[in-house]
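Take a look at the structure below.
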Amino acid sequence: MSKVALTVNGKPVEVEVEHRTLLSTVLREALGLTGTHIGCDTSQCGACTVHLDGRVVKSCTVLAVQVQGQSVKTIEGLAPSFDASGARLHPVQQAFSECHALQCGFCTPGMIMAVTGLLQDHPQPDDQQIIHGLEGNLCRCTGYVNIIKAVKQAAQMMQA
Amino acid sequence: MSFSRLEDRRLVTGAGRYVSDWHLPGQLYAAFLRADRAHARIVSMDVSQAQAMPEVHAVLTAEDTQRAGFRSLPCAAPIPGKGGAELIKPYRPVLAAEVVRFVGECVACVVAQTEEAAQNAVEAIVIEYDDLPVVIGAEAAIAPGAAQLHPNIPGNLAIEFETGDAQAVAAAFAKSAHIVRLDLHNQRVAGNPMEPKGCLVRHDAGTGDYFVHVCTQGTAGMRGQLVATTGIADEHVHVVAEDVGGGFGLRFNAYPEYSAVMLAARITGRPVRWVASRSEVFLSDEHARGVSSRGELALDAQGQFLAFRFDFLNDMGAYIAPTGPVVAVLSIRACLAGVYKVPAAVANVRLALTNSVPMAAYRGAGRPVISYMIERLVDQAAVELAIDPADLRRRNLIPAHAMPWPTANGLAYDSGDFPAVLEHALEVADWTGFEQRRTQSAAHGRLRGIGLASFVEATGGGAGPDEVEARFGGHGEITLFAVSHSHGQSHETAYAEILSAVLGLPRERFRLRNGDPAVRLAGNATGGSRTLHGVGSALRVLADDVIAKGRELAARALEVAAADIVFADGRYHIAGTDRSVTLDSLIEQHSGGAVHPLDTRSSARTGGTFPNGCHVAEVEIDPTTGVVEIVRFSAVDDAGTILNHTIVAGQMHGGITQGAGQVLGEHAICDRQSGQLLTGSFMDYPMPRAIMIHGLTLAEHPVPTPTNVLGAKGVGEAGVTGSLPALMNAILAALRTAGVTHFDMPATPARIWGAIEAARAGDARRFAYDRAQ
C-alpha cells in the first residue's frame, strides 16, 4: 500500500492505495466521484476521461501511484459554480444539453471532459479535428451527430 | 428557448445514478467463474481453496442454487409453432451443473470483501472439463449428425413457426413470369450498451424482501423473470432502478447473474454487488441477429409482385432467452410483406440451438431482419429485370387510399402513405442527380453506389395495459410513476411535456420515478418503440382524469355546478364569466395531506401500429483499400404525430448509426472449431465512432395513427430497420460496377477489397455467406 496525495477538483486529498489501483477506482470508490464512468476494460471507450494537470487522460489507464502531487479535474468539478439550485453549467455541458448530444448519458461525462480538452487544443476546431478529438470516446446512443454539433456550439460559446 | 431535457442536468454534471454508482453499507462483491469452453461436461469442481481464502464469504455453485429451489430461467413462444407445435424449452440453470454450453456461461459465484478478492478466489477454483463437440452456426446445428446440446431437443431445433399461406404462395409462384431468389446472412452482433450490466442486491432477513438494484428496461418484466427463476414470491422481490446506461433490448431479460447475486445476498446476510467488466458483457450479454435467410419473390410480366416466400433460420445460442422467440418470429409476422401490396406471402422461421451466448433483442428486434431480406430481394429483382429500383417499388407500394390494409397473413396496417414517403425520400436524396455524383467519384477512382429501402415496422405490441400514476406533493411538485424504464429515450422529458401541454403547468414541475419499488404498477417494458403510445397515451388519459377531478374542486371553490366549468390553459372558468381558478392554485390549496385529492392512477391499452419510412444511402468505395465511406444518407420517416422533434431526430441518428455499425463491421464471431468469441473487446469489435456517417439528412412525413390518442407511432427502431437494407443496397450497387454480384455483411475493408479482387478473377460471389459452412 502507498499513500498518495493529490488535488481533486481543487481540494487536496490523501488516499491509501494498492500499487495496482487505478486512478478511476480511487475517484469512484474512495472519493465517491461516480460521474467518472467505467465502460470497458481495454481503455477504448473513454467514459472515464478526466483532466490530469490540465491534460485529458483516461483515468482507467493511470495508476493512482502515478498521480502523486498532481491535480485531477473530474466532471463534478468542471463547473464549480454548479449547484443543485440550477446554477451555471460549463459551456460544454450546456452545449451537450442544448444540442441533445446525450441520450442515456453514460458516455457523457467522459465525452464532455474529452471535448473540453479538445477545445483547449483547438478553440475553433474543424470537422477533422473534432472527429480526431472524439476518436477515443464511444457513444452507442446518439450516432455522434449531435455530439459533433455540441462541440461546434461549445466552441462558439467559449469564443464569445 | 433552446432544447434541453429534464434529465440532462444531472447527467451532464456526473450526478446520474447508474447501477455501478450505488453502494450499500456492508456490501460484499461477487465475481463469476465462467466457462472457458463452449461445450463440455463438468467432471469435477473443487472450490475448497477458494472458500478458504481470506476475505471470501461464500462460493456458490449449482448445488446451492438447486438447494435454494431455483428453476430454469424462463422462456416461451409468443405464438404456436407450425401445426400447433410447442417450443421445446431447454433447461437453463443459473449456475451450470453438469454441462457448460457456451463460453462465458456462469459456473460458480464467489462473494468476497472486495472485488479483487472475489476475482482472485474465482481463479482458485479448480475445475475439470471433458470437452464435447462444439456446434457453431444454425446450419451446423441442424445438420444431420450434429452434436446435441440438450437431451430434450432433437436435432437442436426448438420450434418451427409458419406465418402466411403457403398454398396461396405456391399457386402464385406457379403462374409467375419471374422468380427472384436470394440467400442472405444477417450476422451475429453484440449490442454493447455503454453501461456494463450489473446489480446490487439487499436481502432483508426479517421480512424476506429482496431489493434488486439493476439495469432494466422495465421493472415489472424484470421482477417476473426473477420470480420465475428463483421461486421467491412476487411480493418479496423489489426491482429498483434509476439511470440506465443504454439497453437497446439487452436490458429486458433477467440475466442469471442477478438471481445468483440474490442468493448470495441471502446466504451472506449482506448486500452483494456485481458489475460486469466489458469482457463479461461481450461474453454474457445476449447477442442478436444471427439469421440465415432465403427469400423468393414471384413477379408477373409487368413487374407486379405476386408473392413472397421466406425461410429464416435463427441461431438462438445455447439456450432460449425470454425475448428470443419474440424477436425471431413476431416482427417477421408483423412485417411479412413490407410496404407492398402483394397478395400472398409466407415465412418459415426455425429456432436452432448452438454453443454460443443466447440471442435476444437488439435495436429493431427482428424488424431489421425482415426489412433487410425484403429490400435486398426487391433490389435483386430490379437488377434481374432491369427496372429502376425506385420504379419497381413505385409499382408495388400499397396506396394510401387502401389504408387500413389487410396484409397477406391476416394483420392490418392502420395508416400510412408509403408512395408519398418514397417520393419525399427520393427528392431529399436527389436521386436523379446521382449519375452526376457517380461520374465525379469515378474521376477520383472511387466506386459510388446509391441504394434505397422502403420499409414498414411494427410497434406498440405489449402484453397488457400501461398504468401510470401521478402524486401531487408539496411545492407544486408532481411525481409520476410508470413501468417502462428509460435507458436513454428521454421518458422524463416526454412524459412531462405531454402533461404540461394539457394541464398548462410548467414541465419542470413533473418528476419521474419509474424504478421505485414502493409503487407497483402494471405495464410493459421499454421496447418495441412503444413507450410514447403506450405510456404516453396513459398519461394523456391521466391528464383528462386529473382535469375531471380538478373540476369538482373548482366547482366547490367557485360555488357553481361542475357542468358549468370549462378548463383551458391551466385554468377553470365559469363559462360565460370572467370568474376562474387555476389548477395550480387548487393543487396548492389541497396539498399538505397524506393523499392529495388530485392523485390519480390511470391506464391505457393501445393497439399496434406501423411506423414506416424510406431511407436512401449513398456510399463511395475506394477499390484499392476496400474502405466504404457513407457520403450521404437521407431518411424520411412516418413516425405518426411527433411530440418532440429533437428527441425523435436523436432516436433516428442513433438507430441509423447502429445499422451502419453492423453493415460496416460489427460481428460477434465465434470460432467454428472452439466456439471462442474472437471479437470479445472494443479492440476487436468495431463500434461506430464519430466518423461513421457523412451528410445525414432527416425529414418527417407524419401520418397520425388512429390506434392511440396521441397519434404517435414510435421511432426507436425505424433508424436501423431502414439503414441496414439501404446501406447494403448502396454498397452492392457500387460493387456491381466492379463486377461483384452478391455480398453479405459486414462490409469491412478486407471483405470489400477481397470481393472486388475475386470478381476481377471471375468469382463474383466470393463474399456471399455460405450456408453449408
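Order-wise, the sequence lines are chains A and B. Using our numbering, the final residue of the first sequence is 152, and nothing's skipped along the way. Using our numbering, the final residue of the second sequence is 789, and nothing's skipped along the way. Glycine included, each C-beta is placed from N, C-alpha and C at the ideal position.
Could you list which residues in chain A have their beta carbon closer than 8 Å to that of residue i, in chain order?
i: B:Glu211; result: His29, Gly31, Cys96 and Phe98
For residue i and residue j, what's the separation of their Cα atoms in angstroms?
i: B:Pro287; j: B:Asp225; result: 12 Å
i: B:Tyr145; j: B:Val123; result: 12 Å
i: A:Gln151; j: B:Gly671; result: 33 Å
i: A:Met149; j: B:Ile709; result: 26 Å
i: B:Ala742; j: B:Ala633; result: 6 Å
i: B:Ala788; j: B:Asp199; result: Legend: pLDDT at B:Ala788 = 47, less than 50; position of this residue unreliable, no value from coordinates given.
i: B:Val28; j: B:His252; result: 35 Å
i: B:Arg572; j: B:His661; result: 40 Å
i: A:Val7; j: A:Leu25; result: 14 Å
i: B:Val358; j: B:Leu352; result: 10 Å
i: B:Met17; j: B:Tyr271; result: Its pLDDT being 45, under 50, B:Met17 is placed unreliably in this model, and the value from its coordinates should be taken loosely. Their Cα atoms are separated by approximately 42 Å.
i: A:Glu10; j: A:Met(-7); result: 4 Å
i: B:Ile175; j: A:His43; result: 54 Å
i: B:Ala9; j: B:Val679; result: Outside the shown range of chain B, which is 17 to 789, sits residue 9 of chain B, and nothing can be said about it.
i: B:Ala187; j: B:Ser309; result: 22 Å
i: B:Ser619; j: B:Lys565; result: 16 Å
i: B:Val444; j: B:Gly32; result: 39 Å
i: B:Gly778; j: B:Ile747; result: 19 Å
i: B:Leu367; j: B:Ala344; result: 8 Å
i: B:Ala156; j: A:Val49; result: 46 Å
i: B:Thr640; j: B:Gly677; result: 22 Å
i: B:Ser36; j: B:Arg267; result: 15 Å
i: B:Leu173; j: B:Ile104; result: 8 Å
Which residues share a DSSP beta bridge with residue i?
i: A:Thr(-1); result: A:Pro4 and A:Ser63
i: B:Ile514; result: None, per the DSSP bridge assignment.
i: B:Cys686; result: B:Leu693
i: B:Asp482; result: B:Ala620
i: B:Asp331; result: B:Ala368
i: B:Thr179; result: B:Ala363
i: B:Cys215; result: B:Val230 and B:Trp290
i: A:Lys50; result: A:Thr41
i: B:Leu528; result: B:Leu496
i: B:Glu634; result: B:Ile466 and B:Arg648
What span of residues does the alpha helix (DSSP H) with residue i cover, start to end?
i: B:Glu189; result: It should be noted that the sequence gives Phe, not Glu, for residue 189 of chain B. Segment Ala182 to Ala190, the alpha helix (DSSP H) holding B:Phe189.
i: B:Glu312; result: Premise fails: B:Glu312 lies in the beta strand (DSSP E), Val307 to Leu315, not in any alpha helix (DSSP H).
i: A:Ile144; result: Note that residue 144 of chain A is Lys in the sequence shown, not Ile. Unbroken alpha helix (DSSP H) run through A:Lys144: Val137 to Gln151.
i: A:Phe88; result: Pro83 to Glu90
i: B:Asp37; result: Unbroken run through B:Asp37: none, as it is neither H nor E.
i: B:Ser470; result: No alpha helix (DSSP H) contains B:Ser470, which is instead part of the beta strand (DSSP E) from Leu463 to Val472.
i: B:Ala436; result: Phe434 to Val444
i: B:Ile747; result: Ala734 to Arg752
i: B:Ala276; result: Pro272 to Thr284
i: B:Ser650; result: No alpha helix (DSSP H) contains B:Ser650, which is instead part of the beta strand (DSSP E) from Val643 to Asp654.
i: B:Val343; result: Gly340 to Ala350
i: B:Phe450; result: Phe450 to Ala459
With residue i as the anchor, note down where its beta strand (DSSP E) starts and where it stops.
i: B:Val63; result: Neither: B:Val63 is in no beta strand (DSSP E) and is coded neither H nor E.
i: B:Tyr388; result: First-last for B:Tyr388: Arg383 to Leu401, but that is the alpha helix (DSSP H), not the beta strand (DSSP E).
i: B:Asp560; result: Element bounds for B:Asp560: not the beta strand (DSSP E) but the alpha helix (DSSP H), Thr547 to Leu574.
i: B:Arg83; result: Element bounds for B:Arg83: not the beta strand (DSSP E) but the alpha helix (DSSP H), Ala78 to Arg83.
i: B:Glu131; result: Not the beta strand (DSSP E): B:Glu131 falls in the alpha helix (DSSP H), residues Glu131 to Glu139.
i: A:Leu110; result: Segment Thr100 to Asp113 is the alpha helix (DSSP H) holding A:Leu110; no beta strand (DSSP E) there.
For residue i, return the contacting residues in chain A, with the cut-off set at a CB-CB distance below 7 Å.
i: B:Leu27; result: Leu94, Gly97 and Thr100
i: B:Ile672; result: Gly135
Closer than 9 Å by beta-carbon distance: list the chain A residues that pair up with residue i, in chain order.
i: B:Asp52; result: Here the premise fails: no neighbours, minimum Cβ distance about 17 Å.
Name the chain B residues whose beta carbon is nearer than 9 Å to that of residue i?
i: A:Leu111; result: Result: empty, since nearest Cβ-Cβ is about 15 Å, beyond 9 Å.
Name the chain B residues that come within less than 7 Å of residue i, Cβ to Cβ?
i: A:Ser(-6); result: By Cβ distance, chain B contributes nothing, its closest Cβ being about 16 Å from A:Ser(-6), past 7 Å.
i: A:Ser63; result: Near A:Ser63 there are no residues of chain B at all, since even the closest Cβ is about 18 Å away, more than 7 Å.
If contact means a Cβ-Cβ distance below 9 Å, which residues of the region 133 to 145 of chain A contact chain B?
Residues of the region 133 to 145 of chain A with a C-beta atom less than 9 Å from some C-beta of chain B are Cys133, Thr134, Gly135, Tyr136, Val137, Asn138, Ile139 and Ile140, listed in chain order.
For the region 681 to 702 of chain B, which residues have a beta carbon sitting closer than 7 Å to at least one beta carbon of chain A?
Listed in sequence order: Ser697, Phe698 and Met699.
Select from the region 243 to 263 of chain B all residues with a C-beta closer than 9 Å to any C-beta belonging to chain A, and list them in chain order.
Of all residues in the region 243 to 263 of chain B, the ones placed with a Cβ closer than 9 Å to any Cβ belonging to chain A are Asp259, Val260, Gly261, Gly262 and Gly263, in chain order.
Quick one: which residues of the region 482 to 508 of chain B get their C-beta closer than 9 Å to a C-beta of chain A? List them in chain order.
Residues Ser502, His503, Gly504, Gln505 and Ser506.
Name the residues in the region 42 to 61 of chain A whose C-beta lies less than 9 Å from a C-beta of chain B; which are they?
Among the residues of the region 42 to 61 of chain A, none has a Cβ less than 9 Å away from any Cβ of chain B.
Near-chain A residues of the region 282 to 308 of chain B (beta-carbon distance less than 7 Å), N- to C-terminal order
The region 282 to 308 of chain B vs chain A, Cβ under 7 Å: Ser293, Arg294 and Ser295.
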